[in-house]
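Since the structure comes first, as structure tokens, the remarks are kept for the end.
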Amino acid sequence: MSVAITAEADGERTRLVPAGTFDLAHASAVVRAVEQAERDLIASGDVDLHLSALDRIDGSGAVLLARLIDRLEARGLRTRVIEDHNPHAFRLITLYRERRVEARPQATRKMGLLAQLGFVAAAVPGKMAGALDFLGHAAAAIPKALVSRRSVDWSSLPRLMQAICADAWPVTSAANLLIGMIIGFLGVSQLGRFGAEVYVPELVVVAQFRELGPLVTALVLAGRSGAGLASELATMQVSEEIDALRSMGFDPVSWLVVPRCLALVVAVPLLTWIGDVFALSGGLLATIVSTDMTPRAYVLGAELHITGANFLNGMIKTPFLGLIIGLIACRQGLAARGGAAAVGARTTSAVVMAIFGVIAISALFTLFFTLLGI
Amino acid sequence: MPASRPHIVVEDLSIGWGSRVLMEHVNFEVERGTTLAILGGSGSGKSTLLRYLIGLEQPMAGRIDIDGVGEPHVYTGVPPFGVLFQSGALFSSLTLAENLALPLTTWTNVRGPLVQDFVQAKLDLVGLGAFSGHFPGEISGGMKKRAGIARAMMIEPDLLFFDEPSAGLDPISAVELDHLIVTLSRDLGITIVIVTHELPSIFLVADNCIVLDKETKGIVARGDPQRLRDESAIPFVHNFFTRSSPSAPGAREG
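Those sequence lines, one after another, are chains A and B. Under my numbering, residues 101 to 474 are what the first sequence spells out, in order. Under my numbering, residues 14 to 267 are what the second sequence spells out, in order.
Written out as structure tokens, the structure is:
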């Protein structure tokens with residue numbers, strides 16, 4: 101169906117007659133017809149828009165005709181819309197003209213690189229203050245929990261232990277098993293060049309127990325539980341559940357953060373210990389597959405180096421790794437504002453920051469122990 | 014198109030989950046250009062019925078015919094209707110303008126500045142012309158609902174479904190929204206199906222209504238809401254429209 105607007109001189113007046121289908125499906129044709137009509141209309145004086153020849157019109161067609169009239173009036177022409185037995189089109193065009201808002205929103209200026217840098221820098225003190233405030237709240241929540249047992253949601257602890265610890269052991273164990281195999285194969289290939297395969301069990305024990313066991317376990321938990329906790333709390337925040345807790349007199353940090361951090365503080369050492377066992381098995385597999393060493397020789401070699409120093413050197417940092425994951429995940433979750441997008445953004449931030457936090461804490465402990473000569 | 018053909022025909026509809034039947038043998042029609050209110054007490058299945066009408070669920074039995082074109086749940090392309098959900102259901106990561114542009118750029122060939130023009134016209138229509146760059150988190154609940162209506166209208170449907178549009182709004186915002194719905198129906202000729210239990214809204218916007226009852230698992234009354242309020246002899250319907258509870262101590266008989 102063709103779309104056109106014809107202009108006819110009628111004495112002092114000009115008749116504009118739109119004809120055809122003025123709807124969304126024909127929007128491009130309607131735009132062309134409107135532009136053509138504006139170009140053709142060189143008359144000054146009065147313009148009448150006759151609606152009788154319109155076959156169909158919807159909101160889109162009405163908007164385009166309404167804006168045409170607005171522009172003609174802006175040119176100083178006097179306009180009238182003539183209903184011509186088409187009350188529907190008349191009502192539509194009138195409605196879109198009446199409801200037009202003249203004051204447009206200010207276009208937001210795009211920030212330059214320097215302005216963006218300044219914006220980010222200016223936000224740092226606020227973020228630091230927020231993080232320190234949260235840390236202070238979390239620190240204060242611990243003695244509060246000891247004094248008033250009802251300030252913490254202890255009933256959630258078994259569920260959290262199940263979700264964070266029990267449900268996670270297959271994946272942390274599998275990761276540690278593979279790490280043990282990697283250390284084993286690496287040890288065989290490197291130490292084997294000097295005929296020193298006999299030191300492979302020692303390498304597996306020292307590398308796994310002191311560094312990689314806690315690190316790998318905490319990294320897996322940072323991704324798994326960090327994301328889960330952050331998204332759970334962020335969803336609670338955007339759906340006003342946190343506000344509801346506050347309104348009922350609960351402190352969300354005590355009520356929600358303490359049990360989650362506690363679950364992680366317990367989970368990371370446990371899962372690391374289980375992971376160490378799996379890593380030893382991985383190292384054993386790699387060694388007996390790629391060398392002539394017997395399983396008994398491997399076990400005896402490993403046993404010799406599973407010392408209190410090696411074990412505790414790794415285990416002592418694990419509660420701190422769990423704590424940093426919990427604090428970061430809960431902080432990010434509670435800081436969510438807005439809707440679904442905020443939940444996603446905070447979850448991403450929580451995982452990234454928790455992974456970085458785990459590596460940083462691990463490195464600090466290593467540095468500390470090295471300086472002490474342990 | 015013959016004026017007598019109803020816009021929506023629901024025939025012998027049964028809905029539910031698994032073996033649990035929520036409603037059965039439901040029949041009603043919605044005339045073109047009119048507003049039908051779906052009423053009922055809490056848990057009567059108003060919003061659930063709406064989910065079936067817009068094709069989110071598949072009926073256990075019966076037929077839903079919209080505009081003479083098949084069953085809603087088999088639509089795969091552009092739906093022949095718009096929907097306003099209870100919360101507005103705007104995408105929080107997009108500005109209002111981007112929310113409105115989404116169906117237009119997905120389902121039509123309209124591109125470039127024309128998209129902006131149509132989006133701005135719809136925002137103007139619902140009174141949000143100055144808020145196009147705002148995110149949903151930055152506007153009030155009533156504004157979210159108006160933006161939701163504007164988004165539902167972007168592809169110019171001649172049928173709109175509203176799920177409790179006035180719920181949670183202050184009286185002034187609620188009546189403004191009701192007037193907007195009346196404008197859409199009377200000036201734009203849009204057929205509207207509205208789920209609500211706000212009595213002022215019902216009397217202002219609805220030409221007809223159906224009243225659902227969870228005990229009978231179906232429609233217990235239908236017709237002009239004011240006539241039902243004044244003439245219905247069914248106790249539930251009478252109590253519903255007169256806001257009276259038969260169990261309330263000292264309640265007067267209506």
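Quick reminder that beta carbons are idealized off the backbone N, C-alpha and C, glycines included.
Exposure of residue i, with buried meaning 16 or more beta-carbon neighbours within 10 Å
| i | result |
| --- | --- |
| TRP30(B) | exposed |
| LEU471(A) | exposed |
| GLY263(B) | Low confidence applies to GLY263(B): its pLDDT is 49, below 50, so where it sits in the model is not reliable, and the reading given next is rough at best. By the neighbour-count rule (16 or more Cβ atoms within 10 Å), GLY263(B) is not buried but exposed. |
| ALA463(A) | exposed |
| HIS20(B) | buried |
| THR418(A) | buried |
| ARG293(A) | exposed |
| VAL399(A) | exposed |
| PHE175(B) | buried |
| VAL82(B) | exposed |
| HIS185(A) | exposed |
| MET211(A) | exposed |
| LYS227(A) | exposed |
| MET453(A) | buried |
| ARG346(A) | exposed |
Close-in-space but distant-in-sequence residues of the same chain around residue i (CB under 8 angstroms, 5 per side omitted)
| i | result |
| --- | --- |
| LEU173(B) | PHE94, GLY95, VAL96, LEU97, ILE162, ALA165, MET166, LEU197, ILE203, THR204, ILE205 and VAL206 |
| SER354(A) | ALA241, LYS244, ALA245, SER251 and VAL252 |
| GLU403(A) | none |
| PRO15(B) | Because PRO15(B) carries a pLDDT of 44, less than 50, the predicted location of this residue cannot be relied on, and no value is offered for it. |
| ILE406(A) | VAL305 and PHE309 |
| LEU235(A) | LEU427 |
From the options, residue whose alpha carbon lies closest to that of residue i
| i | options | result |
| --- | --- | --- |
| LEU193(B) | PRO170(B), VAL224(B) and GLY155(B) | GLY155(B) |
| THR272(A) | LEU312(A), LEU235(A) and VAL305(A) | LEU312(A) |
| GLY414(A) | VAL103(A), LEU217(A), ALA153(A) and GLN308(A) | GLN308(A) |
| ASP233(A) | LEU427(A), ASN410(A) and ARG249(A) | LEU427(A) |
| ASP171(B) | GLU211(B), ARG159(B) and ASP80(B) | ASP80(B) |
| HIS188(A) | ARG240(B), GLU177(B) and ASP200(B) | ASP200(B) |
| ALA397(A) | ARG249(A), SER255(A) and LEU385(A) | LEU385(A) |
| ALA107(A) | VAL131(A), HIS126(A) and LEU149(A) | LEU149(A) |
| VAL451(A) | ALA129(A), ARG259(A) and GLY326(A) | GLY326(A) |
| PHE420(A) | GLY433(A), VAL316(A) and VAL368(A) | VAL368(A) |
| ILE455(A) | LEU315(A), VAL130(A), GLN216(A) and HIS126(A) | LEU315(A) |
| LEU13(B) | VAL123(B), ARG242(B), ALA219(B) and VAL250(B) | With chain B represented from 14 up to 267, any question about residue 13(B) goes unanswered, as that position is not in the structure. |
| SER331(A) | ASP392(A), ARG431(A), SER289(A) and THR317(A) | ARG431(A) |
| GLU211(B) | TRP120(B), SER186(B) and SER179(B) | SER179(B) |
| SER390(A) | LEU213(A), THR194(A), VAL298(A) and LEU177(A) | VAL298(A) |
| GLY68(B) | LEU52(B), PRO92(B) and GLY53(B) | PRO92(B) |
| GLY101(B) | ARG18(B), LEU182(B), LEU217(B) and ILE232(B) | LEU182(B) |
| SER439(A) | ASN410(A), ALA344(A), PHE411(A) and LEU333(A) | For the record, residue 439(A) in the displayed sequence is Gly; it is not Ser. It is LEU333(A) whose Cα lies nearest to the Cα of GLY439(A). |
| ALA109(A) | ASP140(A), HIS126(A) and GLN136(A) | ASP140(A) |
Close Cβ partners of residue i (< 6 angstroms) along its chain, the five nearest in sequence each way excluded
| i | result |
| --- | --- |
| ALA153(A) | VAL117 and ALA119 |
| TYR196(A) | ALA162, VAL163 and ALA166 |
| GLY287(A) | VAL300 and LEU303 |
| GLU70(B) | ARG64 |
| GLY111(A) | none |
| LEU7(B) | Any property of residue 7(B) remains undetermined from this structure, which presents chain B solely from 14 to 267. |
| ARG18(B) | none |
Cutoff 7 angstroms; reference residue i; Cβ partners in own chain excluding five residues on either side
| i | result |
| --- | --- |
| ASP123(A) | ARG156, ILE157, ASP158, SER160 and GLY161 |
| ILE193(A) | ALA162, LEU165, ALA166 and VAL181 |
| ASN11(B) | For residue 11(B) there is no data in the structure shown, the boundaries of chain B being 14 and 267. |
| HIS38(B) | ASP25, SER27 and GLY231 |
| GLY58(B) | LEU35, MET36, LEU225 and LYS227 |
| ALA215(A) | none |
### Query
Enumerated in chain order, which unbroken segments of the beta strand (DSSP E) with a length of 3 residues or greater are wholly contained in the stretch 226–251 of chain B?
Within the stretch 226–251 of chain B, the complete beta strand (DSSP E) runs of at least 3 residues are 231–236.
#### Entry: Every unbroken alpha helix (DSSP H) inside the stretch 17–66 of chain B [4 residues or more]
Complete alpha helix (DSSP H) runs here, min 4: 59–66.
#### Entry: Segments of 4+ residues assigned as alpha helix (DSSP H) that fall wholly inside the stretch 218–289 of chain A
If one requires a minimum length of 4 residues, the alpha helix (DSSP H) runs lying completely within the stretch 218–289 of chain A are 257–264, in chain order.
### Query
What residues in the stretch 154–166 of chain A bring their beta carbon closer than 7 angstroms to a beta carbon of chain B?
Across the stretch 154–166 of chain A, CB contacts with chain B closer than 7 angstroms involve ASP158, GLY159, SER160 and VAL163, in sequence order along the chain.
### Message
To be precise: take each residue of the stretch 145–157 of chain B, compare its Cβ to all Cβ atoms of chain A, and keep it if any distance is under 9 angstroms. Which residues remain?
### Response
Here the close residues are SER145, GLY146, HIS147, PHE148, PRO149, GLY150 and GLU151.
### Message
At a CB distance below 9 angstroms, what residues from the stretch 180–214 of chain B approach chain A? Give them in sequence order.
### Response
Those would be THR196, ARG199, ASP200, LEU201 and GLY202, in chain order.
### Query
At a Cβ cut of 8 angstroms, what residues of the stretch 113–128 of chain A count as close to chain B, listed as they run along the chain?
So the list reads ASP123, LEU124, ALA125, ALA127 and SER128, given in the order they occur along the chain.
### Minimum length 3: unbroken beta strand (DSSP E) runs contained in the stretch 73–136 of chain B
Runs found: 74–79 and 95–97.
### Message
I'd like the ranges of any alpha helix (DSSP H) spanning at least 4 consecutive residues and lying wholly in the stretch 318–393 of chain A.
### Response
Fully enclosed alpha helix (DSSP H) runs of 4 or longer: 341–347 and 358–390.
### Message
Against chain A, which members of the stretch 166–177 of chain B pass a CB distance test of less than 7 angstroms?
### Response
Result list: MET166, ILE168 and GLU169.
### Message
Threshold first: 3 residues or longer. Then list the beta strand (DSSP E) segments lying entirely within the stretch 126–196 of chain B, N to C.
### Response
Taken in chain order, the complete beta strand (DSSP E) segments of 3 residues or longer contained in the stretch 126–196 of chain B are 172–176.
### Query
What residues in the stretch 387–412 of chain A have a beta carbon less than 9 angstroms from any beta carbon of chain B?
Cβ contacts with chain B come from no residue of the stretch 387–412 of chain A.
### Message
So if I threshold CB-CB distances at 9 angstroms, which residues from the stretch 133–144 of chain B count as touching chain A?
### Response
If the cut-off is 9 angstroms between Cβ atoms, the stretch 133–144 of chain B has GLN133, ALA134, LYS135, LEU136, ASP137, LEU138, VAL139, GLY140, LEU141, GLY142, ALA143 and PHE144 near chain A.
### Message
If the cut-off is 8 angstroms on Cβ atoms, which residues from the stretch 341–361 of chain A count as contacting chain B, listed in chain order?
### Response
Going along the stretch 341–361 of chain A in chain order, one finds no residue with a Cβ nearer than 8 angstroms to chain B.
### Contact set between the stretch 93–119 of chain B and chain A, restricted to residues whose Cβ is under 7 angstroms from the partner
Taking 7 angstroms as the Cβ-Cβ cut-off against chain A, the residues of the stretch 93–119 of chain B that qualify are SER105 and SER106.
#### Entry: Within 7 angstroms of chain B by C-beta, residues of the stretch 188–199 of chain A in sequence order
Within the stretch 188–199 of chain A, contact with chain B at the beta-carbon level (separation under 7 angstroms) is assigned to HIS188, ARG191, LEU192, LEU195, TYR196 and ARG199.
### Task
Could you tell me which uninterrupted alpha helix (DSSP H) segments, each at least 4 residues in length, are contained entirely in the stretch 113–169 of chain A, listed from first to last along the chain?
Complete alpha helix (DSSP H) runs here, min 4: 127–140.
### Query
At a Cβ cut of 8 angstroms, what residues of the stretch 426–439 of chain A count as close to chain B, listed as they run along the chain?
Within the stretch 426–439 of chain A, the qualifying residues are ARG437, GLY438 and GLY439.
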